[in-house]
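J.: Note that the protein sequences, when read in sequence, are chains A and B.
Heads up, the first sequence is in the numbering used here, so the first residue is 2 and it goes up one at a time.
Heads up, the second sequence is in the numbering used here, so the first residue is 2 and it goes up one at a time.
Can you read through this structure? Questions will come right after.
2 protein chains.
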Amino acid sequence: MKPLEWKVTAQEGNARTGILRTRRSVIETPVFMPVGTQATVKGVRFEWLEAELDARIILGNTYHLFLRPGVDVIREIGGLHKFSSWTRSLLTDSGGFQVFSLTDLRKLTEEGVEFRSHIDGSKKFLSPEVSMEIQAALGAEIVMVFDECPPGKADFQTTRKSLEMTARWALRSRNRFDQLQNEKMDTGFLAAENLSGRQSLFGIVQGASHLDLRRESLYKTVEIGFDGYAIGGLSVGEEKSVMYDVIENIAPQMPEDAPRYLMGVGTPEDLIEAVYRGVDMFDCVIPTRNGRTGTAFVSSGKLNIRNTKFARDTEPLDFACSCSVCRRYSRAYLRHLYQTGEMLAAILISHHNLAFFLDTMWRAREAIRGGVFENFRRDFIGKIRDAEKEKSGAVRGE
Amino acid sequence: MKPLEWKVTAQEGNARTGILRTRRSVIETPVFMPVGTQATVKGVRFEWLEAELDARIILGNTYHLFLRPGVDVIREIGGLHKFSSWTRSLLTDSGGFQVFSLTDLRKLTEEGVEFRSHIDGSKKFLSPEVSMEIQAALGAEIVMVFDECPPGKADFQTTRKSLEMTARWALRSRNRFDQLQNEKMDTGFLAAENLSGRQSLFGIVQGASHLDLRRESLYKTVEIGFDGYAIGGLSVGEEKSVMYDVIENIAPQMPEDAPRYLMGVGTPEDLIEAVYRGVDMFDCVIPTRNGRTGTAFVSSGKLNIRNTKFARDTEPLDFACSCSVCRRYSRAYLRHLYQTGEMLAAILISHHNLAFFLDTMWRAREAIRGGVFENFRRDFIGKIRDAEKEKSGAVRGE
Chain A
2 MKPLEWKVTA
12 QEGNARTGIL
22 RTRRSVIETP
32 VFMPVGTQAT
42 VKGVRFEWLE
52 AELDARIILG
62 NTYHLFLRPG
72 VDVIREIGGL
82 HKFSSWTRSL
92 LTDSGGFQVF
102 SLTDLRKLTE
112 EGVEFRSHID
122 GSKKFLSPEV
132 SMEIQAALGA
142 EIVMVFDECP
152 PGKADFQTTR
162 KSLEMTARWA
172 LRSRNRFDQL
182 QNEKMDTGFL
192 AAENLSGRQS
202 LFGIVQGASH
212 LDLRRESLYK
222 TVEIGFDGYA
232 IGGLSVGEEK
242 SVMYDVIENI
252 APQMPEDAPR
262 YLMGVGTPED
272 LIEAVYRGVD
282 MFDCVIPTRN
292 GRTGTAFVSS
302 GKLNIRNTKF
312 ARDTEPLDFA
322 CSCSVCRRYS
332 RAYLRHLYQT
342 GEMLAAILIS
352 HHNLAFFLDT
362 MWRAREAIRG
372 GVFENFRRDF
382 IGKIRDAEKE
392 KSGAVRGE
Chain B
2 MKPLEWKVTA
12 QEGNARTGIL
22 RTRRSVIETP
32 VFMPVGTQAT
42 VKGVRFEWLE
52 AELDARIILG
62 NTYHLFLRPG
72 VDVIREIGGL
82 HKFSSWTRSL
92 LTDSGGFQVF
102 SLTDLRKLTE
112 EGVEFRSHID
122 GSKKFLSPEV
132 SMEIQAALGA
142 EIVMVFDECP
152 PGKADFQTTR
162 KSLEMTARWA
172 LRSRNRFDQL
182 QNEKMDTGFL
192 AAENLSGRQS
202 LFGIVQGASH
212 LDLRRESLYK
222 TVEIGFDGYA
232 IGGLSVGEEK
242 SVMYDVIENI
252 APQMPEDAPR
262 YLMGVGTPED
272 LIEAVYRGVD
282 MFDCVIPTRN
292 GRTGTAFVSS
302 GKLNIRNTKF
312 ARDTEPLDFA
322 CSCSVCRRYS
332 RAYLRHLYQT
342 GEMLAAILIS
352 HHNLAFFLDT
362 MWRAREAIRG
372 GVFENFRRDF
382 IGKIRDAEKE
392 KSGAVRGE
């Protein structure tokens, strides 16, 4: 039996809806997965994620949890679900992306990466095997292979070398992962109907902006065989058009019978554009990160709550949004909270942003099921473009 | 008709339960009122305060809201209820306490206090009249007179001079308040059965630790006549025994047919000791302030979540507590959140602390109604004392 059940339920062009069933929850795709780096989605209680936002899966971060509280603590307590009290699905990344962001603090070999903790400078080591061991202790439903992530603008040779190592690491990840499952080292094991109750493992396609290398990476990854496939290494400094180009060329080539996950992307527009090109799963820190700096995502794009013009504005962040924040709180109040440094500003704007992202995915699913996704996409992007034009016009007119 | 309805419902010694009805909510006393300085109880959404914690009244702070967002903004929006979306009762302090904390930035005359904003250094002025005008614009159910607040250890002559001015200011507060009500300047006006729909005004008894002066201040305050009476200027640096002594001598002398409010106090023990001495209402920042620094109030006193011993502790903060935090989250998880600087640590511990304070008041009410408050008090304080002894014993033994 497999660890996941995956079924495409509707299709329009490359866009598709699906149902992904894990041992812990049923996830309708396209899905946005809130990021819970430290086993908390910053500023938003699980109670809200469950009841109102109805997030069926969130992320945890291997690198951060490895450093604090440490994998021993989480293993001893019985995994990330028990530690955090989150009972629905979890996806853990491999730690690769974070480690490769520590440019000055790391030493890369075929075996793995030695690095210094950004917290206390202590020496640490991650490899495909170590990452799989940590992720088994965390016990998430979806585990990611340990990959090397080259810079977005890396040249052909660097990228080729990198993705060859990534392919070797993917195989080592696969092997160690399978051993760990057989050794019952997964703390999250849970019997579920017609499922193995085990963790699932996703492969990652790299190759920066080089389409040939992307295809090669995809081929090598599919050859090993995974429960799902991700596109990594995008939204790391390259142009938007390059990103869309990679997705357009790669996503439709990814196995149809497995979920396709675009890692770390993006704005609501990016999500819609990627769904259009065949992607099923997303995660990104921007709803909560921007929430903490006072930026709300709304139907017309972005709204900066710090703006003086909102001081007496009794309207909600977005009239089109029915989240608990938009139903109750005014821009004037939210601005006041932000200006006075109150935590509640971040709490409420992050909540709204997550609601907006999850609702956007809900609307995309509805559109695909109704066969009107093309129209939906045009309207959605059109509203944002119109608002942008209006803004820049207003500035010119002043 | 009066703005408040007040009824003592049970009594045991000096301790009493009562029901205070305002135009916006029914408040059972003894009551703890969460502090919402900036029109938010720090880190706790109103939804939680309403549904789970069932707070019937919270505080707003005149000084802080006067500076930001400014009284014009709040008046234009229609008062603090509309501005913040809090629909139950509000109490606003007069701004006196905050202004007198700005020792270096203020100039006191008979007319009022000139001071510099702690935010931008701009010159501001508060007087009994200005404070009443701001509080009418805020539109709280309970307004406090503008008083001078001498230091806790002020000598007899300083204190006497101060309370004489406080008495003159109380009269000016009363007069301006009455005018404003007649001029319908209260933004919070609300018709309610058998009530005037207007704001109520509380007088404040000062006199530092000098019992004679406290009595004199009480006499002068009652002579003017208010809807409720507060004891101010305690918990400002004096010994606990001095504070209890003042409460013991003053609270029972306060009018029986009006609620008695002890301002800015205190720990759960302080609350129980003050209820025992006849106090009905409390407010204090410590549940949320300590929540932000990782200190939880529990049956056995205080628990410092930063302590290493909690790293693998899967127990709740307090087994005796049934709040949503204790029902779900472990000490290990809360400690991890605190150590990683996650907002959720403050959110959850503040929530628990408020639950603990409100529950303590609920239990006090039950005990008084059942005629067993004396026992309850002994048990409550006893548990904390025993835990303290155990802790200090353990340290000595090491």
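Positions of the beta carbon are idealized from the N, C-alpha and C atoms, including for glycine.
Looking at chain A, which residues of the segment 66-78 of chain B have a Cβ within less than 8 Å of any of its Cβ atoms?
T.: R69, P70, V74, E77 and I78
J.: Go to A:F116, then tell me how far its beta strand (DSSP E) extends in each direction, as first and last residue.
T.: V114 to R117
J.: How many Å lie between A:K390 and A:K303 at the Cα?
T.: Going from the Cα of A:K390 to the Cα of A:K303 covers about 13 Å.
J.: Using the Cα positions of A:E112 and A:G208, report the straight-line distance between them to the nearest angstrom.
T.: 20 Å
J.: Over what stretch of residues does the beta strand (DSSP E) that includes B:Q12 continue unbroken?
T.: E6 to E13
J.: Does any CB atom of chain A fall closer than 8 Å to the CB of B:L338?
T.: Contact of B:L338 with chain A is assigned, a C-beta pair being separated by under 8 Å.
J.: Under a CB-based cut-off of 8 Å, is B:K43 close to chain A?
T.: yes
J.: Under a CB-based cut-off of 8 Å, is A:L318 close to chain B?
T.: no
J.: Could you give the DSSP three-state label for A:I58: helix, strand or coil?
T.: Here A:I58 sits in strand by DSSP.
J.: Out of A:L345, A:F101 and A:Q200, state which residue places its alpha-carbon closest to the alpha-carbon of A:T23.
T.: Nearest of A:L345, A:F101 and A:Q200 to A:T23, Cα basis: A:Q200.
J.: Check for me: the alpha helix (DSSP H) holding A:Y330 runs from which residue to which?
T.: Counting along the chain, A:Y330 falls outside any alpha helix (DSSP H), and DSSP gives it neither H nor E.
J.: What residues from chain B crowd round A:T315, counting only those whose CB sits closer than 9 Å?
T.: I78, G79, K83 and F84
J.: Using a C-beta cutoff of 8 Å, does A:R25 count as contacting chain B?
T.: no
J.: Alpha helix (DSSP H) containing A:A168: first to last residue?
T.: From DSSP, the alpha helix (DSSP H) with A:A168 extends over F157 to N183.
J.: Note down, in chain order, all residues in the segment 192-226 of chain A with a beta-carbon under 8 Å from any beta-carbon belonging to chain B.
T.: none
J.: A:R17 and A:G279: beta carbons closer than 8 Å?
T.: yes
J.: Below 8 Å on C-beta distance, what does A:Y330 contact in chain B?
T.: What A:Y330 touches in chain B: S86.
J.: So, is B:A275 buried or exposed, given that buried needs 16 or more other C-beta atoms within 10 angstroms?
T.: buried
J.: Which residues in the same chain have their Cβ closer than 6 Å to the Cβ of B:I369, if we skip the five residues on either side of it in sequence?
T.: A11, E13, A16 and T18
J.: Do you know how far the Cα of B:R336 is from the Cα of A:P43?
T.: The sequence given here places Lys at residue 43 of chain A; Pro does not occur at that position. Between the alpha carbons of A:K43 and B:R336 lies a distance of about 15 Å.
J.: Who are A:G37's beta bridge partners in DSSP?
T.: A:G61
J.: Going by C-alpha distance, which of B:F178, B:K154 and B:D148 is nearest B:E165?
T.: Ranked by Cα distance from B:E165, the options B:F178, B:K154 and B:D148 are led by B:D148.
J.: Output, in chain order, the set of chain A residues within a Cβ distance shorter than 7 Å of B:T294.
T.: Within chain A, no residue comes near B:T294; the closest Cβ sits about 14 Å away, beyond 7 Å.
J.: Taking 7 Å as the limit between beta carbons, can you name the residues of its chain near A:F47, skipping five residues before and five after?
T.: S86 and W87
J.: Beta-carbon of B:Q39 versus every beta-carbon of chain A: anything under 8 Å?
T.: yes
J.: Quick check: the segment 20-40 of chain B against the segment 54-66 of chain B, are at least 3 beta-carbon pairs closer than 8 Å?
T.: Taking 8 Å as the limit for Cβ pairs, the verdict is that the segment 20-40 of chain B does touch the segment 54-66 of chain B.
J.: Any idea what DSSP makes of B:A356, helix, strand or coil?
T.: helix
J.: I want to see whether chain A comes within less than 8 Å of B:T268, judged by CB atoms only; does it?
T.: no
J.: Between A:E399 and chain B, is any beta-carbon pair separated by less than 8 Å?
T.: Model confidence at A:E399 stands at a pLDDT of 41, short of 50, so the residue's coordinates are unreliable; what they give is reported in the following sentence. So, not an interface residue.
J.: Since B:E249 is in the alpha helix (DSSP H), which residue starts that stretch and which ends it?
T.: K241 to I251
J.: State buried or exposed for A:N291, treating a residue as buried only when at least 16 other CB atoms are found within 10 Å of its CB.
T.: A:N291 counts as buried, since at least 16 other C-beta atoms from the protein chains shown sit within 10 angstroms of its C-beta.
J.: When the Cα of B:L202 is compared with those of B:E343, B:M133 and B:L349, which residue comes out closest?
T.: B:M133
J.: Taking just the CA atoms, how far does A:V146 sit from B:Q99?
T.: 56 Å
J.: Identify each residue in the segment 341-375 of chain A for which the Cβ-Cβ distance to at least one residue of chain B is less than 7 Å, and report them in chain order.
T.: Answer set for the segment 341-375 of chain A: T341, E343, M344, L345, A347 and I348.
J.: If you compare alpha carbons, which of B:P256, B:K185 and B:F178 is closest to B:V9?
T.: B:P256
J.: With the cut-off set at 8 Å, would you say A:R25 and A:R89 are in Cβ contact?
T.: yes
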